[in-house]
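Colleague: Per numbering that gives the first Met the number 0, numbering of the sequence shown is gapless, rising by one per residue and ending at 29. All C-beta atoms in this analysis are idealised placements derived from N, C-alpha and C, irrespective of residue type, glycine included. Handing you this structure, nothing more for now.
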Amino acid sequence: MKVIKLLEKSAKDKMIKTAAGLLSTNPEKM
């Protein structure tokens with residue numbers, strides 16, 4: 000169970016980083 004939680008957390012962190020990267024590169028699209 001702990002492994003799944005860690006995977007979910009890392010996936011969320013990646014999504015947040017990707018979203019932040021998209022926002023910083025394409026601010027006019029938001």
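Using only the alpha-carbon positions, how far apart do isoleucine 15 and isoleucine 3 sit?
Modeller: Cα to Cα, isoleucine 15 sits roughly 18 angstroms from isoleucine 3.
Colleague: If you draw a straight line from the C-alpha of serine 23 to the C-alpha of leucine 6, how long is it?
Modeller: Their Cα atoms are separated by approximately 25 angstroms.
Colleague: Just how far apart, CA to CA, sit alanine 18 and lysine 8?
Modeller: Straight-line Cα distance between these residues: approximately 15 angstroms.
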